[in-house]
Each structure stands twice: as structure tokens, then as C-alpha cells.
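The structure under discussion appears below in the form of C-alpha cells.
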Amino acid sequence: MGENNTPDAHKTPRLARFRGAVLPVAALAVVLVGCFVAWSNSQNASFGWFAYAPLSNEPFSGSGLAFVTPGTQAGLAIAVVGLLVLAFWAGYRIGTKASPRTP
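Once you know that position 68 of the sequence shown is 68 in my numbering, the rest is easy, because the numbers rise by one and skip nothing.
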């Protein structure tokens with residue numbers, strides 16, 4: 001055919017491959033930071049409260065309740081954003097590989 005149809009001519013440049021790897025690595029870093037923020041804020045959570053149930057004959061026992069601090073909520077929200085970016089990136093990559101390219 002010609003020189004333009006060689007397999008080496010269609011390789012992805014190094015810079016493009018580097019740019020393609022930045023987004024998932026950054027999203028993974030965001031997930032890890034969010035998990036660290038959620039974990040570090042849940043370690044020192046202290047609170048106090050009083051419950052009064054006037055109509056029941058049994059005392060209120062709150063031993064089965066789980067309280068999430070605002071710092072833990074923020075960390076989990078950051079981790080979810082990172083996971084959403086990873087999901088978007090994976091779907092985009094799968095979609096671009098599956099779609100036929102038109103010349």
C-alpha cells in the first residue's frame with residue numbers, strides 16, 4: 001500500500017498515554033484521601049445526649065445506634081466523588097474501545 005499504512009504509524013504517543021493515566025490515578029487518590037478523612041474523623045468522635053421516653057415502661061437503650069460525625073460524612077462524600085469519576089472514566093474507556101472508528 002504505502003508508508004501511511006504501517007502499524008507503527010498508528011501507535012499512541014507517550015504524552016497521550018500519560019494524559020490518559022492521570023485521571024484514574026487522580027481519582028484513586030481522591031478516594032484514598034476521602035477514606036482517610038472519614039477514618040481519622042471517626043476515631044475521636046465523642047458526644048453526649050439524654051433520651052426521655054415518658055410513655056413507655058422500659059428505659060431507652062441506644063446501644064445499637066450508629067452516629068456519623070460531619071467529618072466522616074465529608075470524607076465519605078469525597079470518596080464517593082472519586083468513585084464516580086473512576087466509574088465515568090471506565091465507562092468512557094470501554095465505550096471508546098467498543099465503538100467502531102470511521103475514517
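Where is the CB? At the ideal position from N, CA and C, for every residue including glycine.
A straight-line Cα-Cα distance of about 24 Å links Leu76 and Tyr92. Distance from the CA atom of Pro70 to the CA atom of Pro24, rounded to whole angstroms, is 27 Å. Bounds of the alpha helix (DSSP H) holding Val80 are 70-98.
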